[in-house]
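Here's the structure, in structure tokens; my notes come after.
Numbering (full-length UniProt numbering), first residue to last: 1 to 264.
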């Protein structure tokens, strides 16, 4: 019998959209449906904390859910753990606090709220740095913001994010946040590529043997490329979060009107 698996792409703090996607999946597959979450639960949207609470709550309740790591989840966890503001894979050198990455929105969901946009400065090293965080009339220093974040973010949330797996596979499918080096087997993949890759993956037409289901690269709408399916429809930018259902390598999107076939 063909296995039915549901998948949800990049959520980016959109708790209301996540609730709607889960309701669509339950209407199609019932409360015990197997769901793979493709990562990027945090940043940009208004309620990263609520998203993580929902995922942890579902797992603790015994739901058949698998949550994968996204690059934004790792950036958030690293900042809270040790104040790391940059990732080497962000070639622009942007700070995690830059609105394009959306870290300040994540902290706001935990009550670390800036009165205006964070104050950022690009320095001689080519990296953009947080220099001030307007909060409660005062401009807080970066080390103070880090301390506030460590106090506000529950240890259970950090542990959840840090222990997330990088991929999940079935007989027909590979689920991963960003993608793969298509010329390499899974056991040879660079863990950083699994949450960051674009170049060399998005343009590849190699048939990997299994359909690759991923997010990370935001589109206007989920799309099937033949050898891969990109489910990041841009929820982090306010576009709808559209879940998918896969049976073998056949794919449908779930809408309020039911399943809509997604084909190459």
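We treat Cβ as the ideally placed atom computed from N, Cα and C, and that holds for glycine.
Shown here, residue 29 sits in a helix according to DSSP, grouped into three states.
With a contact defined as Cβ atoms closer than 8 angstroms, residue 173 and residue 246 qualify at about 6 angstroms.
Within the DSSP bridge table, the entry for residue 247 names 4, 250 as partners. Around the Cβ of residue 60, a 10 Å sphere holds fewer than 16 other Cβ atoms; the residue is exposed. Cβ contact annotation for residue 76 (same chain, cutoff 8 angstroms, sequence separation greater than five): 42, 43, 48, 96, 103, 106, 161, in chain order. In the same chain as residue 80, and ignoring 5 residues on each side of it, the C-beta atoms closer than 7 angstroms to its own belong to 149, 150, 153, 158, in chain order. Residue pairing for residue 128: DSSP places it in a beta bridge opposite 122.
Nearest Cα to residue 10 within the set 87, 187, 261, 222: 222.
The Cβ neighbour count for residue 74, taken over all protein chains shown within 10 Å, is at least 16; the residue is labelled buried. One thing to note: residue 56 has its Cβ no nearer than 9 angstroms to the Cβ of residue 243.
Here the segment 230-243 makes contact with the segment 213-221; the two share three or more CB pairs at distances below 8 angstroms. Per DSSP, residue 206 lies in no beta strand (DSSP E) segment and is marked neither H nor E. Residue range 228-230 is occupied by the beta strand (DSSP E) that includes residue 230. In the structure shown, the three-state DSSP call for residue 135 is strand.
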